[in-house]
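Counting with mature numbering (1 follows the signal peptide of the UniProt record, and there is no 0), you get residues -25 to -1, 1 to 284 for the letters of the sequence shown.
We treat Cβ as the ideally placed atom computed from N, Cα and C, and that holds for glycine.
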Amino acid sequence: MHLFKKLAKAFMIILLAAVTGFALAGCGGSGASSSSAKAPAAGAAKTPAKPGDKLIIRMLDIGQGDAFLLEKDGKFAMIDTGDVEYREALVKYLHEYGVKELSNVIITHPHADHMGGMKAVFDNIKVDNIYDDGVPTNTNTYKTYLKNIKTKNIPFHIPKAGETIALFDGVDFHVAGPVSEITDQKGRPDLNNNSIVGKLTYGDFSMLFTGDAEKEEESAILKSGFGLKSDVLKVGHHGSRTGTTPSFLKAVAPKEAFISCGQGNDYGHPHKETMTKLENAGIHIFRTDRDGTVTLTTDGSTYQIAKEH
């Protein structure tokens, strides 16, 4: 625990001394399906959508990891950036979609399969703001990430539960977790269970992003009273049996579930137990290992989902 305290202290000293613009997020294809969006539940204010404006959410097919590219009115943002070994694929996607600048990047937690693509992003794309959970690690991937934030003077934020990140005009990310730090058996921060969890809203449309949150963080968020109900659930931890508990799934009550995982991955994701829960609830499931890149388009009232394969 002392090591992590020292790392955390060093982490904050580096950023506070070298990065300007610090501020917490202000509170203030084949195969397709379509549906009408539900109104956001309590805990996330409804965000007005302008007629004709489209929000595009792409779950990129980057193997075993998470990388979501968001687009609206010619502006882009990302939630996680995939693993180190898929950096080349990530850059190809960014160029394909015409991304030259990212208004906001949210790194849900510092595991390589969620933040490993950041070096490629830094090398190729201008980044305006970065948000992460503030939990440091001593990996080279993480050190390189911090170095780039420092040298490029990128505003860095650690959002807290209850705050809101304005991703685009009319598109908000309402932070649900982490509610408080969750530690492992050795008293160290549990990286998965300190993931940034948040509800994206645009008009009547909503999507819950969960990083690698497992049952412990799900339970804490449920106890907090955050309004979880959403049209779409990004299933936590690539569909692992360690999360997506029945009570959490019931609270979210999604029509669609997105799972980002690699073909034939070593972890067996998504696990059968999770798939069974989703199927029994009548939820439409979209998986990158099977469907390729999955694209959701919404005007804030209705939404459509298209699969690459």
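Using 10 angstroms around the beta-carbon of residue i, count the other beta-carbons present and answer buried if the total reaches 16, otherwise exposed.
i	result
residue 174	buried
residue 70	exposed
residue 72	exposed
residue 221	exposed
residue 257	exposed
residue 112	buried
residue 268	buried
residue 147	buried
residue 270	buried
residue 244	buried
Do the CB positions of residue i and residue j come within less than 8 angstroms of each other?
i	j	result
residue 183	residue 215	no
residue 91	residue 49	no
residue 139	residue 154	no
residue 68	residue 44	yes
residue 52	residue 77	yes
residue 83	residue 200	no
residue 203	residue 188	no
residue 252	residue 208	no
residue 156	residue 172	no
residue 273	residue 143	no
residue 116	residue 59	yes
Does DSSP classify residue i as helix, strand or coil?
i	result
residue -3	Caution is warranted here: a pLDDT of 37 is assigned to residue -3, below 50, making its placement in the model unreliable, and no coordinate value can be reported.
residue 3	In this prediction, residue 3 has a pLDDT of 33, which is less than 50 and means its spatial position is unreliable; what the coordinates show is noted afterwards. Of the three classes helix, strand and coil, the one that applies to residue 3 here is coil, per DSSP.
residue 263	helix
residue 273	strand
residue 222	helix
residue 281	strand
residue 268	coil
residue 202	coil
residue 254	helix
residue 230	coil
For the candidate residues the options, whose alpha-carbon lies nearest to that of residue i?
i	options	result
residue 265	33, 30, 38, 32	38
residue 28	275, 169, 282, 279	275
residue 131	97, 187, 80, 170	80
residue 259	284, 229, 238, 160	229
residue 178	248, 89, 277, 32	277
residue 217	242, 233, 124	242
residue 194	176, 169, 213	169
Length-filtered (3 minimum) beta strand (DSSP E) runs lying within the segment 122 to 171: List check, beta strand (DSSP E) in window: 139 to 143, 146 to 152.
Quick one: complete beta strand (DSSP E) runs, 3+ long, within the segment 43 to 121? Listed in chain order, the complete beta strand (DSSP E) runs (minimum 3 residues) inside the segment 43 to 121 are 50 to 56, 79 to 82, 105 to 107.
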